[in-house]
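Novice: Dropping the structure in here first, questions after.
2 protein chains.
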Amino acid sequence: MPHCVHVRRLLRERGYRVTPQRLMVLEIIRTADRHLTAEEIHSALQERYPGVDLSTVYRTLRLFIRLGLVEQRELGGGRRVYEWRTQPDHGHFLCERCGRLEHLEGALLEPLRLALERTRGYQVHRVEATVLGVCPTCQ
Amino acid sequence: MPHCVHVRRLLRERGYRVTPQRLMVLEIIRTADRHLTAEEIHSALQERYPGVDLSTVYRTLRLFIRLGLVEQRELGGGRRVYEWRTQPDHGHFLCERCGRLEHLEGALLEPLRLALERTRGYQVHRVEATVLGVCPTCQ
DNA sequence: CTTTCTGCAAAAGATTTGCAAATTT
DNA sequence: AAATTTGCAAATCTTTTGCAGAAAG
């Protein structure tokens with residue numbers, strides 16, 4: 008796992024310690040095919056590494072976010088989800104019928120980014136978009 | 008206030024009652040020039056109509072959302088804000104330096120909506136976008 | 001051996017709910 | 001008069017924090 012090595016080094020470089028808890032949380036988020044809540048990460052952790060506390064999960068997530076490894080998103084209804092950080096721009100499609108949350112690639116958000124940067128002088132760091140509607144399958 | 012009349016009728020049509028609390032919450036959200044948290048709405052309410060409970064604010068907001076009058080947005084850090092619902096598509100720009108939250112008109116999101124509808128067969132109800140970066144003033 | 005991390009328990013914040021009394025229709 | 005709505009208090013739910021012992025470097 009190349010990421011594991013990368014993260015180990017990143018942690019040490021910044022003066023943080025490499026702990027099994029951190030590596031496990033990393034592994035779970037990285038191999039997840041979807042967004043996870045802190046609670047879900049905690050449950051997944053219990054299976055392989057029982058005894059890890061939920062507060063540790065939160066602390067680890069905060070650290071990973073600070074390091075730019077993980078991304079946090081707020082969905083409606085107070086749901087907060089975490090996922091491995093990929094590109095700065097990406098969107099989500101939330102199907103209002105089946106409730107599934109899909110990814111939208113960053114290219115779809117390019118026009119918005121460009122419009123803001125070029126014609127209005129904004130400096131854009133990140134674009135997050137959530138589209139609500141009905142997915143092709145549910146129609 | 009034309010909206011007041013509209014909302015009164017809407018409430019009655021759906022079997023809800025028209026109460027001073029509801030009208031006051033309505034008025035505060037409608038005349039606000041920005042997004043408000045439940046707490047802020049509650050404070051604003053105290054000035055003109057003391058004694059209204061925070062739980063009533065929450066209940067009223069939930070009702071207005073159900074009726075499609077008010078829109079709820081989740082910002083980072085657990086902040087939930089409410090605003091009067093205008094167009095189905097609109098975005099926000101959050102300046103990471105000054106923290107100000109600005110509106111982005113719906114036209115900026117048209118390309119995204121069209122791409123999803125035309126080339127992928129999604130049925131789009133609403134597009135919400137949050138752009139993070141630095142506003143022209145802060146640069 | 002020093003500093004950082006963790007688990008535990010408790011705190012904090014935001015939102016929701018049960019219920020009797022007040023208000024609307 | 002009947003039904004909904006409110007204020008109050010307490011409950012929930014998620015996230016954060018203080019602290020002593022455990023682990024990492």
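The listed protein sequences correspond, in order, to chains W and R. First residue of the first sequence? That's 8 in the working numbering, and the numbers climb one at a time after it. First residue of the second sequence? That's 8 in the working numbering, and the numbers climb one at a time after it. All residues carry an ideal CB built from backbone N, CA and C; glycine is no exception.
1) Three or more C-beta pairs closer than 8 Å, one from the stretch 10-25 of chain R and one from the stretch 113-131 of chain W: is that the case here?
2) Given a limit of 8 Å on CB to CB distance, which residues of the stretch 106-138 of chain W reach chain R?
3) Grab me the residues of Q28/W's own chain with a C-beta within less than 7 Å of its C-beta, minus the 5 sequence neighbours each way, in chain order.
4) Which complete beta strand (DSSP E) runs does the stretch 67-123 of chain W hold, if anything under 3 residues is left out?
5) Given this structure, state the Cα-to-Cα distance separating P57/W from R80/R, to the nearest angstrom.
6) Would you tell me roughly how many angstroms separate the C-alpha atoms of R87/R and L101/W, rounded to the nearest one?
7) Quick one: is G155/R near chain W, going by C-beta distance under 8 Å?
8) So the beta strand (DSSP E) L139/W belongs to, where does it begin and stop?
9) Could you work out which residue in T26/W, C145/W, V141/W is closest to L70/W when comparing CA atoms only?
10) On a Cα-Cα basis, can you pick out the residue from Y89/W, G140/W, I48/W, A51/W that is closest to D96/R?
11) Give the residues of chain W in contact with Q146/R, contact being defined as C-beta atoms less than 7 Å apart.
12) Give me, in chain order, the residues of the same chain whose beta-carbon lies closer than 6 Å to that of E54/R; leave out the 5 immediate sequence neighbours on both sides.
13) For L43/W, write down the residues that DSSP places opposite it in a beta bridge.
14) State the Cα-Cα distance for the pair I36/R and V134/R, rounded to the nearest angstrom.
15) Give every residue of the same chain whose Cβ lies closer than 8 Å to the Cβ of L17/W, excluding the five residues on either side of it in the sequence, and list them in chain order.
Specialist: So, from the listed chains and residues:
1) no
2) L111, L115, L116, P118, L119, R120, A122, L123, R127, G128, Y129, Q130, V131, H132, R133, V134, E135, A136, T137, V138
3) V59, T63, T67
4) 77-81, 87-91, 96-102, 108-111
5) 36 Å
6) 19 Å
7) The structure shown does not extend to residue 155/R, since chain R is modelled only from 8 to 146, so the question has no answer here.
8) 130-141
9) T26/W
10) G140/W
11) Q130
12) none
13) Y89/W
14) 21 Å
15) L74, L76
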